[in-house]
Amino acid sequence: MTNFTITLANQGGAAFDVDRRKPLLQSLREQGVDLPYGCKYGGCITCAAKIISGKVDQKAQRALNNRQINNGYIILCVARPMSDCTLEVGVESHDKLYRNPFLDPLAAHELKADIATPLEDKK
Amino acid sequence: MTNHCCGPGYASPAEAMTAPREKLLYTIAIYTGTGIQKPDYLCTIDVDPESPTYSQVISRLQMPGIGDELHHSGWNACSSCHGDASMERKYLIVPGVRSSNLHIVDCGTDPRNPTLFKVIDGAEIKARTNLSAPHTVHCLGSDIIVSMLGDAQGNAPGGYLQLSKEFEIVGRWENSMGSIKFGYDFWYQPRHNVMVSSEWAAPNTFMPGFDLEEVGHLKYGREIHFWDFEKKEPKHTFYLGEDGLIPLEVRFHHNPDSSHGFVGAALSANIIHWWKDAAGDWQWEKIIDVGNEPHPEWPIPIPGVISVILLSMDDRYLYLCNWLHGDIRQYDISDPHNAKLTGQVWMGGLLGHAPEVNGVKVTGGPQMIQLSLDGKRLYVTTSLFSTWDNQFYPEIRTNGGCMLMVNCDTENGGMEIDPLFVVDFGKEPNGPSRCHETRYPGGDCTSDIWA
Chain A
62 MTNFTITLAN
72 QGGAAFDVDR
82 RKPLLQSLRE
92 QGVDLPYGCK
102 YGGCITCAAK
112 IISGKVDQKA
122 QRALNNRQIN
132 NGYIILCVAR
142 PMSDCTLEVG
152 VESHDKLYRN
162 PFLDPLAAHE
172 LKADIATPLE
182 DKK
Chain B
2 MTNHCCGPGY
12 ASPAEAMTAP
22 REKLLYTIAI
32 YTGTGIQKPD
42 YLCTIDVDPE
52 SPTYSQVISR
62 LQMPGIGDEL
72 HHSGWNACSS
82 CHGDASMERK
92 YLIVPGVRSS
102 NLHIVDCGTD
112 PRNPTLFKVI
122 DGAEIKARTN
132 LSAPHTVHCL
142 GSDIIVSMLG
152 DAQGNAPGGY
162 LQLSKEFEIV
172 GRWENSMGSI
182 KFGYDFWYQP
192 RHNVMVSSEW
202 AAPNTFMPGF
212 DLEEVGHLKY
222 GREIHFWDFE
232 KKEPKHTFYL
242 GEDGLIPLEV
252 RFHHNPDSSH
262 GFVGAALSAN
272 IIHWWKDAAG
282 DWQWEKIIDV
292 GNEPHPEWPI
302 PIPGVISVIL
312 LSMDDRYLYL
322 CNWLHGDIRQ
332 YDISDPHNAK
342 LTGQVWMGGL
352 LGHAPEVNGV
362 KVTGGPQMIQ
372 LSLDGKRLYV
382 TTSLFSTWDN
392 QFYPEIRTNG
402 GCMLMVNCDT
412 ENGGMEIDPL
422 FVVDFGKEPN
432 GPSRCHETRY
442 PGGDCTSDIW
452 A
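Chains A and B supply the protein sequences, listed in that same order.
The end of the first sequence is residue 184 by the numbering used here, with every number in the run present.
The end of the second sequence is residue 452 by the numbering used here, with every number in the run present.
As structure tokens, this is what we get:
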């Protein structure tokens, strides 16, 4: 199987058949979905979307901190599907993407992966 | 005009100050990050008080694609080419910091309706130079250099892209980045054979937004670099430490013989001054320190975040914006070691001092500024960077940015927001957009360098 179905929950549940080898941004735009994007290499967050169900491979992203990942954000320009997925896309999905750092600081484990301190395993 | 030769710009800063009053502004406006799926664009704004369309956007030039995030811009030629009759200040180079596309805009053929002359594709720049995220543009007498904040994958420190005057990619300008960790702004002072560069962060760090916690992990800059300009390599670095967190906008005195210059440390909210001492060594000191302000409900006090500084053409006044506090300040720096606060106005900001100005709700704070050549009119816009706007001023999505004008007293010091001038980018035809850097057709206080 080379394709998965991507359902866009906030676009009336529209469903798209996508190639698992291609980044989701590319696949969806090729099928006429008008999505925001910026850098196209996984570094700038403009294309962030929220994953409601399913799994993606987004190892190439450099933009998200761990809190954003825990809140379900994925970077469409580099994320490839690993299963059927349901997504919310566009800035309507960005309710938890941005935070004021003076109001709402990150905990050490919520930083970006390269500098985060892992939570200690509970034994 | 008193020009004796036919090149662009002016023979001296003093001559620039006598130029005719600006009648048009070019200001970039963005939809990137706003939810509106339209290209960013370059606005032409009428600032001729005699005109029926005064204080209005009179034309809009859309870029070809979406998602560029237009940010800063620069002229193809400035007063550094004043002696060269073959040069003309005609093209504005308008980079997209996210896409890395460079848009070459013809503002000379019809100044009221600029047109797109050429696009240098970001993918080509990455492929040929391994650089991305273009920021500051300066002309160098004929060629043009652009500070590029990342490599092709958004990692620091990036480098400098050199373009020919025909807008062909020459390659990397610098011979070495030395031990520089980050790039951002730069300014050169040829009579001292020096260029000074500052540090923001890697694109992969700042583009997604501001995680304050990353400052402590050394993901943001705190150094400035003095280059051997002719050798195109860094020669000396000043570690500014806690006094110089995130040093952004770099300004030398306009006077080409002066060695004095300044940088605004955004997060420390300090102004750092440097100069060459009698022994020929570079020195630095902090001359302005804006204190953090407590917020009743937030655990961390709010820094000013000095997002921009600017010097008047006579080098007498320094202006700075505290983007998060909401004030613009004017300091008399006649003695550059002793800055004296001479004026202050408020617009927007997080402290709530001026939520509405001239009938428009100000969302964001004072951010990019551009001063008229005679020093009397300061044009101000309110958006910083799409992702950072979204963090600190989320209502900007529905309200858009705005432009205001501040009248500056050049005799006695002092500032006052002009009550008749406002451009509300919340009412743009395609929906609320955000305005950022401004240029004047005849050159301005951050464009021209004298060789």
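Ideal placement from N, C-alpha and C gives every residue a C-beta, glycine not left out.
Treat the numbers as computed from the prediction; the structure is a model and nothing was measured.
Span separating the alpha-carbon of residue i from that of residue j
i: Glu51/B; j: Leu96/A; result: 43 Å
i: Val95/B; j: Ala30/B; result: 11 Å
i: Gln190/B; j: Trp276/B; result: 12 Å
i: Thr107/A; j: Asn339/B; result: 43 Å
i: Lys120/A; j: Phe386/B; result: 26 Å
i: Pro304/B; j: Tyr221/B; result: 16 Å
i: Gly443/B; j: Pro21/B; result: 9 Å
i: Arg330/B; j: His254/B; result: 18 Å
i: His139/B; j: Ile67/A; result: 46 Å
i: Thr137/B; j: Ile46/B; result: 22 Å
i: His5/B; j: Leu85/A; result: Legend: pLDDT at His5/B = 48, less than 50; position of this residue unreliable, value from coordinates given subsequently. Straight-line Cα distance between these residues: approximately 59 Å.
i: Glu181/A; j: Gly133/A; result: 22 Å
i: Pro395/B; j: Met369/B; result: 19 Å
i: Thr383/B; j: Gly151/B; result: 25 Å
i: Glu200/B; j: Leu241/B; result: 11 Å
i: Phe77/A; j: Leu89/A; result: 7 Å
i: Pro302/B; j: Val291/B; result: 12 Å
i: Met314/B; j: Val171/B; result: 32 Å
i: Leu65/A; j: Arg81/A; result: Sequence inspection shows Phe at residue 65/A; the Leu mentioned does not correspond to that position. Approximately 6 Å, taken between the alpha carbons.
i: Asp175/A; j: His72/B; result: 28 Å
i: Gly265/B; j: Pro248/B; result: 6 Å
i: Ser13/B; j: Thr19/B; result: 10 Å
i: Ser144/A; j: Gly115/A; result: 6 Å
i: Asn176/B; j: Lys232/B; result: 7 Å
i: Asp278/B; j: Trp324/B; result: 33 Å
i: Lys184/A; j: Ala110/A; result: Because the pLDDT at Lys184/A is just 46, under 50, the model does not fix this residue reliably, and the value given afterwards should be weighed accordingly. If you take the alpha carbons of Lys184/A and Ala110/A, they lie about 34 Å apart.
i: Asn256/B; j: Pro162/A; result: 40 Å
i: Val309/B; j: Asn271/B; result: 11 Å
i: Asp118/A; j: Arg223/B; result: 35 Å
Amino acids of chain A, ordered along the chain, whose beta-carbon sits closer than 9 Å to that of residue i
i: His296/B; result: Phe163 and Leu164
i: Gly401/B; result: Going along chain A, no residue has its Cβ under 9 Å from Gly401/B, so there is no contact; the nearest lies around 14 Å.
i: Ile303/B; result: Phe163
i: Glu234/B; result: The premise fails here: Glu234/B is roughly 27 Å from chain A at the closest Cβ pair, so nothing lies under 9 Å.
i: Gly344/B; result: Result: empty, since nearest Cβ-Cβ is about 27 Å, beyond 9 Å.
i: Pro457/B; result: For residue 457/B there is no data in the structure shown, the boundaries of chain B being 2 and 452.
Bridge-paired residues (DSSP) for residue i
i: Arg22/B; result: BP columns for Arg22/B are empty, so no partner.
i: Gln331/B; result: Tyr320/B and Gly344/B
i: Glu224/B; result: Tyr240/B
i: Met149/B; result: Pro135/B and Gly160/B
i: Ile31/B; result: Arg435/B
i: Cys44/B; result: Thr28/B and Arg61/B
i: Cys140/B; result: Ile145/B
i: Val117/A; result: Pro142/A
i: Met1/B; result: As shown, chain B starts at 2 and ends at 452. That puts residue 1/B outside it, with no answer to give.
i: Glu234/B; result: Asp229/B
For residue i, the first and last residue of its enclosing alpha helix (DSSP H)
i: Trp389/B; result: Ser387 to Phe393
i: Glu438/B; result: Premise fails: Glu438/B lies in the beta strand (DSSP E), Arg435 to Arg440, not in any alpha helix (DSSP H).
i: Ala203/B; result: Per DSSP, Ala203/B belongs to no alpha helix (DSSP H) and is neither H nor E.
i: Lys127/B; result: Gly123 to Thr130
i: Asn131/A; result: Asn127 to Asn131
i: Arg89/A; result: The question names Arg, but residue 89/A in the sequence shown is Leu. First-last of the alpha helix (DSSP H) with Leu89/A: Leu85 to Glu91.
i: Val216/B; result: Glu214 to Gly217
Contacts of residue i in chain B (Cβ-Cβ under 7 Å)
i: Asp118/A; result: The contacting residues do not exist; Asp118/A stays about 18 Å from chain B at best.
i: Leu167/A; result: Asp212 and Glu214
Beta-carbon neighbours of residue i, restricted to chain B and to distances below 8 Å
i: Tyr159/A; result: Gly210, Thr388, Asn391, Gln392 and Pro395
i: Val152/A; result: Gly34, Thr35, Gly36 and Arg398
The beta strand (DSSP E) enclosing residue i, as first and last residue numbers
i: Arg173/B; result: Ile170 to Arg173
i: Val309/B; result: Ile307 to Leu312
i: Arg61/B; result: Gln57 to Gln63
i: Glu61/A; result: In the structure as shown, chain A starts at 62 and stops at 184, and residue 61/A therefore has no counterpart that could be examined.
i: Asp185/A; result: Lying outside 62 to 184, the shown extent of chain A, residue 185/A is not represented and no answer is given.
i: Leu69/A; result: Asn64 to Leu69
i: Glu286/B; result: Trp283 to Asp290
Partners in chain A for residue i, counting only beta-carbon separations shorter than 7 Å
i: Asn205/B; result: Gly104, Arg123 and Ala124
i: Asp68/B; result: With the sequence shown as reference, residue 68/B is identified as Gly, and Asp is not the correct amino acid for it. Residues of chain A passing the Cβ test: Pro97, Tyr98, Gly99 and Thr107.
Proximal chain A residues relative to residue i, where beta-carbon distance stays under 8 Å
i: Thr33/B; result: Pro97, Gly99 and Thr107
i: Arg99/B; result: Gly99, Cys100, Cys105 and Thr107
Chain-ordered chain B contacts of residue i [CB-CB under 9 Å]
i: Leu172/A; result: Asp212, Glu214, Glu215 and His218
- Message: Extract the residue ranges of the alpha helix (DSSP H) inside the region 353-425 of chain B, only unbroken runs of 4 or more that lie entirely within it.
- Response: Taking 4 residues as the minimum length, the alpha helix (DSSP H) runs contained wholly in the region 353-425 of chain B are 387-393 and 397-400, in order along the chain.
- Could I get the ranges of all uninterrupted beta strand (DSSP E) runs contained in the region 241-280 of chain B, with 3 residues as the minimum, in chain order? 248-253, 262-266 and 271-277
- Message: Which runs of the beta strand (DSSP E) at least 3 residues long sit entirely within the region 145-179 of chain A? Give them in chain order.
- Response: 146-149
- Could you pull out every unbroken beta strand (DSSP E) segment of at least 3 residues lying fully inside the region 50-123 of chain B, listed in chain order? 57-63, 92-96, 103-107 and 116-121
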